[in-house]
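Just below is one structure, and these are the notes that go with it.
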């Protein structure tokens, strides 16, 4: 796919042999580097997941010197119960995703489309929240889960302790609001004139149009949930409810290395698969949609 | 209009929730359900099956009590979290070091009346029982197991190194030479020691120091004085330094904690290490150890009148929020599961049979909770079922009763251990670590923890 | 529902003042104010309960002694004093600064250089982006545990085996106070650089090509173009990613916690780890007052740092 715009290296320069070789060579090196460094560790993990433990310990860089050990995967799923933790992780991710979508869409919609008088104030409050480091929330949020102010029943070991706070992502609301800000106002006016109220406007007009941004929010919500460690570690003390990220470190000393590496590999499968399938949403969202310009 | 309707709905739902909760708490139905600590997470299915078999047996004998097993492992940080959240099972376990403070803070139920009603109550070893008694004299926990620190060694590596597996080292100098032999002849570390930042490093260092005759504290309570920087501590650290840097017999891994040192040993990668005398159970349940490699020796003691073996133990306690019926049920379970196998022949045999049927270890050496005569008696009851390599543990079982068992430092125990963690790690990872200044630092940290009554 | 258009028409016809004067609760409700509130309810509830209330609580708790058994007591600045006198605090601050510095030196230029190189790729640029981003999607716990295996200090550890091929090592990696922190930074860079690469790539596409053409006309070679066109154009992004990285690394927790538990000998103890220890490290109950006090001090420090940073760099990004 040829680029039409002139970028760093112009067409003319490309024709110069030393530019082609120099830059091309560097790019080739970069590619090799990316494969070895970016992909290498993951490939090693895949290999080690099906290698007998002894081989991994004595000859870590070997290649199936004594055959494969697919049983590692089976043992990880069944004996170490990786299956259960896998489904826990999925359940947590779905709930967190849902709260984030609900909060971001309703909040963004209200601030951007309905525009009450106090919208500016709320948006400012959100932006300030964005700059508060997460560490500030840790202890009081924990105490709140342990001893909720009005309800006298702790939320420890309940997934609500993870689902609800997950919705408090100012970043989500800000990017959804921005997206709505960029929607043409004429559509709303037309709908209003046709007699649509705020609810109809939301469900029939705004939501269908927001698929791209919802895709980005969803991808990040699920990924963030899959990667979450400290918070689930604190609030889920019951091993049967813990997700993979919390459980894996704890079982390391009870599991032989080969099976443990197989468990880790299983934990990577969903994020990697999700990434390969939804690459565009990932990469678009990560680029912050060109949100930050020079 | 809409808002009023919504508000009413919220109030109604709230009222229903409150009523339901009140009903659940105040119920006085015949059957009582209590949750109990079962096995550590990640235990083998066989171990879990054995536990469930015991639960079934108890429920059959006590039809009005329902037991809910909950996986449980005491580690410093997670225990505090569960305690704060109130998510501990009704019956849970705490180490000797914490019980008194927890009791004094009102975090353990007073079970004195139920415990005193037990037929064998008067037979308890007074010192051991005292570990579960708070400063007001109320019994808040019953001892379920006591252990002494011991030296675990790999018989196979001993043989491979040309050492006699039936003659484990009896002095620290011998430990050093044996470790050197193992590391030179087998390539595996001859001696390793816990060095993780989770208080286990300080715990084992304290063990070695006590075996040399030193003590970490004098006095009791918040008036106690920290003596971490005593000469025996320096000696213990020098011993480590020598093995690590001069002999190079400690391998290349210096962040072992309690679980992973067991794992490494069970995998045959460690010559000797110090831990509680009862870890064989964990070696079997979590790491599938090959029994033939296991050897157990008493901790080498210096020829010093203060030299003693650090003892410890675990107690079974009850949640303070448990009501009368639950406390009675809890003590019944504690009696059945923890205590009676030691005191009742029939129960001991039944217990042993269930364990054996599920391939769980029977006969792991322990310290008496009652007295030595009772302990010997209970061992004869289960003799036909013992499936641990008891002959390989003979050095310990014969030697321990000639050793003085010393309790762990009484005030702010975990804080004392924690302040020593960094010193141990420093000695093992930095050849030129300034031991003196680090010890002084540790001492003042421990002293402030003691004085603030932690 | 024509209430909205009615009032708007009225307002236009009668002037803004008139509309404002007539704004009663009924008109507010009629103008859709209630449904707006309903839409805002999820956000207000979630943020109120799990963001704004905790922030206020942090400040309150830092001035109290809380142990969850008895009611909290006010202790003024005692917690702050206790934290400031903790001998571990200077160690934690130094280590956190060291981590942030190493991450900046090592982890800041690499994504930029990679992105610039990648932006010039003619064919299959998608592969480059995907490979760069792959480590980012791996759950951090898996990445850390995997690298912990790599970092085994024995001669048969993965890295030591590889270095052994060229007769280097074996290195202690996590088992030495000198090499522990750099080992952490290495893994952290691996796991996070990809995200920054993608941000830079996106920003690079926004660079005005006329500038490159103009530079080419002036006879600038590749390096001159990067220095005089690319970097200045990217100034905004570069400054933002730098401050974001500093704020992020100042709160590093996972790597020191899982790799070394703050060891060996506190050489990887960071501020977050210290906060965690205060709150969750004691088996008899946490010192929540000290934990919140230290959290607050860190937050205030980062806020001041950000302000100073923005002030200092404002002249550069205009």
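Chains as they are written, first to last, in my numbering: chain A, 1 to 294; chain B, 295 to 748; chain C, 749 to 1066.
For glycine and all other residues, C-beta sits at the position ideal for the given N, C-alpha and C.
Leaving out five residues on either side along the sequence, give the residues of the same chain with a beta carbon under 6 Å from the beta carbon of residue i.
i	result
residue 108 (chain A)	173, 176, 177, 180
residue 1058 (chain C)	none
residue 422 (chain B)	437, 440, 663
residue 450 (chain B)	587
residue 1015 (chain C)	925, 928
residue 534 (chain B)	721
May I ask you to list the residues that DSSP assigns as paired with residue i?
i	result
residue 386 (chain B)	B:611
residue 443 (chain B)	B:570
residue 45 (chain A)	Answer is none; residue 45 (chain A) lacks a bridge partner.
residue 592 (chain B)	B:444
residue 700 (chain B)	B:604
residue 50 (chain A)	DSSP lists no partner for residue 50 (chain A).
residue 486 (chain B)	B:567
residue 326 (chain B)	B:359
residue 95 (chain A)	Per DSSP, none; premise fails for residue 95 (chain A).
residue 364 (chain B)	B:331
residue 437 (chain B)	B:609
Alpha carbon to alpha carbon, how far is residue j from residue i? Give it in angstroms, no decimals.
i	j	result
residue 980 (chain C)	residue 1060 (chain C)	16 Å
residue 210 (chain A)	residue 124 (chain A)	23 Å
residue 261 (chain A)	residue 1009 (chain C)	21 Å
residue 29 (chain A)	residue 494 (chain B)	47 Å
residue 752 (chain B)	residue 567 (chain B)	The shown model of chain B, from 295 to 748, leaves out residue 752 (chain B), and the question about it has no answer.
residue 579 (chain B)	residue 81 (chain A)	16 Å
residue 27 (chain A)	residue 994 (chain C)	29 Å
residue 101 (chain A)	residue 794 (chain C)	12 Å
residue 583 (chain B)	residue 448 (chain B)	11 Å
residue 601 (chain B)	residue 490 (chain B)	25 Å
residue 153 (chain A)	residue 1011 (chain C)	37 Å
residue 686 (chain B)	residue 372 (chain B)	35 Å
residue 1062 (chain C)	residue 77 (chain A)	54 Å
residue 911 (chain C)	residue 904 (chain C)	10 Å
For chain A, check one thing: does any of its Cβ atoms lie closer than 9 Å to the Cβ of residue i?
i	result
residue 866 (chain C)	yes
residue 1047 (chain C)	yes
Please tell me whether residue i has its Cβ less than 9 Å away from any Cβ of chain B.
i	result
residue 932 (chain C)	no
residue 812 (chain C)	no
residue 751 (chain C)	In this prediction, residue 751 (chain C) has a pLDDT of 45, which is less than 50 and means its spatial position is unreliable; nothing more can be read from the coordinates.
residue 253 (chain A)	yes
residue 88 (chain A)	no
residue 79 (chain A)	yes
Counting contacts by CB-CB distance shorter than 9 Å, is residue i in contact with chain C?
i	result
residue 144 (chain A)	yes
residue 153 (chain A)	no
residue 423 (chain B)	no
residue 708 (chain B)	yes
residue 124 (chain A)	no
Please list, in chain order, all residues of the same chain as residue i whose beta carbon is under 8 Å from its beta carbon, the five residues on each side excluded.
i	result
residue 1002 (chain C)	888, 889, 892
residue 814 (chain B)	Residue 814 (chain B) lies beyond the residue range present for chain B, which begins at 295 and ends at 748; the question has no answer from this structure.
residue 731 (chain B)	none
residue 609 (chain B)	387, 388, 389, 390, 393, 425, 426, 435, 436, 437, 438
residue 320 (chain B)	Unreliable placement is indicated for residue 320 (chain B), whose pLDDT of 46 sits below 50; the coordinate value is still reported in the next sentence. Within the same chain, residue 320 (chain B) has no close Cβ partners at all.
residue 1023 (chain C)	1039, 1042, 1043, 1046
residue 103 (chain A)	167, 168, 169, 172, 173
Note down, in chain order, each residue of its chain lying with its Cβ closer than 7 Å to the Cβ of residue i, except the 5 sequence neighbours on either side.
i	result
residue 406 (chain B)	432, 433
residue 332 (chain B)	345, 363, 364, 365, 366
residue 111 (chain A)	119, 122, 123, 177
residue 951 (chain C)	982, 985
residue 271 (chain A)	223, 226
Please tell me whether, using a cut-off of 8 Å, the distance from the CB of residue i to the nearest non-hydrogen atom of the ligand ATP is below it.
i	result
residue 554 (chain B)	This structure does not include the ligand ATP; it has no bound ligands of any sort.
Query raised in the report: In chain order, which continuous runs of the alpha helix (DSSP H) of length 4 or greater are located wholly inside the region 773-829 of chain C?
Result: Unbroken alpha helix (DSSP H) stretches of 4 residues or longer found wholly inside the region 773-829 of chain C: 773-778, 781-795, 801-809, given in chain order.
Report task. Determine which residues of the region 578-606 of chain B have a Cβ less than 9 Å from any Cβ of chain D, and write them out in chain order. Result -> The question asks about chain D, but that chain is absent: this structure's protein chains are A, B and C.
Report task. Scan the region 821-880 of chain C and note each continuous alpha helix (DSSP H) run of 4 residues or more that stays entirely inside, going in chain order. Result -> Runs of the alpha helix (DSSP H) spanning 4 or more residues and lying entirely within the region 821-880 of chain C occur at 826-832, 836-855, 857-867, in chain order.
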